[in-house]
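Residue numbers (this note's numbering): 12 to 208.
Don't be surprised by glycine CBs; every beta carbon is placed ideally from N, CA and C.
For reference, the structure is listed below as structure tokens.
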């Protein structure tokens with residue numbers, strides 16, 4: 012899902028509406044993508060009072076869901092790649108910083124839920140980069156860490172995979188670039204979806 016611009020503009024507006032938070036650039040805001048909102052707030056505003064967290068989360072949710080018109084859509088070719096992977100017998104799962112409501116909405120809007128055997132969201136388990144999210148998925152699917160691969164576009168994804176003992180593939184068309192992803196020694200860094208097939 013290409014939602015970076017929508018997330019960033021929603022974060023920017025949430026901070027403005029909350030007040031008392033430093034104004035951050037789009038690049039700075041982008042760095043928290045993949046984390047839960049609680050972890051993201053602390054990551055972005057380490058010196059900000061925690062009593063603003065709930066208000067900031069409320070504004071972010073309203074902006075992202077109700078008011079933000081920045082488009083977000085699946086990357087080109089995603090459905091074809093997911094279809095090909097399933098046809099080859101891969102079991103697919105999602106580990107996301109989104110909330111359960113947010114992930115369910117995205118899967119409904121994009122008609123992609125049927126591709127995934129299991130999902131974990133940051134509001135129902137520990138947020139990235141804590142390995143619990145992946146470990147729960149592995150347990151549910153009866154898969155060993157050495158049998159799994161985490162595909163992600165952030166340093167948070169790469170660190171999550173490392174902590175869970177799972178190989179990772181970094182993708183460069185999302186949040187972080189190759190230089191950032193390579194710091195976490197993924198087994199591969201790819202620049203196109205087709206490379207996953």
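Grab me the residues of residue 93's own chain with a C-beta within less than 6 Å of its C-beta, minus the 5 sequence neighbours each way, in chain order. 126
Check residue 169 in the structure and name its three-state DSSP category. Three-state result, residue 169: helix.
Are the Cβ atoms of residue 144 and residue 179 separated by less than 8 Å? Result no, Cβ atoms of residue 144 and residue 179 do not sit closer than 8 Å.
For residue 47, collect the residues of the same chain with a Cβ closer than 6 Å to its Cβ; drop the 5 residues on either side in sequence, then sort them by chain order. 108, 133, 138
Counting along the chain, where does the beta strand (DSSP E) carrying residue 103 start and finish? 103-107
Enumerate, from N- to C-terminal direction, the unbroken alpha helix (DSSP H) stretches of 4 or more residues contained entirely within the segment 82-170. Fully enclosed alpha helix (DSSP H) runs of 4 or longer: 89-98, 111-121, 143-152.
Rounded C-beta distance between residue 40 and residue 19? I'm assuming under 8 Å. 5 Å
Are the beta-carbon atoms belonging to residue 88 and residue 205 less than 8 Å from one another? Against a cut-off of 8 Å, the Cβ pair of residue 205 and residue 88 comes out as a contact.
Beta-bridge pairing of residue 38 - partner residues as DSSP gives them: The partner list for residue 38 (beta bridge, DSSP) is empty, contrary to what the question assumes.
Would you give the residue range spanned by the alpha helix (DSSP H) that residue 26 belongs to? 15-29
One or two residues paired with residue 178 in a DSSP bridge: 160
For the beta strand (DSSP E) that contains residue 199, what are its first and last residues? 199-201
Could you spell out where the alpha helix (DSSP H) holding residue 190 opens and where it closes? 189-193
Exposed or buried, residue 37, counting other C-beta atoms within 10 Å across all chains shown (16 or more means buried)? exposed
Go through the segment 58-83 residue by residue and report every complete run of the alpha helix (DSSP H) that reaches 4 residues or more, in order. Along the segment 58-83, the alpha helix (DSSP H) occurs as fully enclosed runs of 4 or more residues at 64-73, listed in sequence order.
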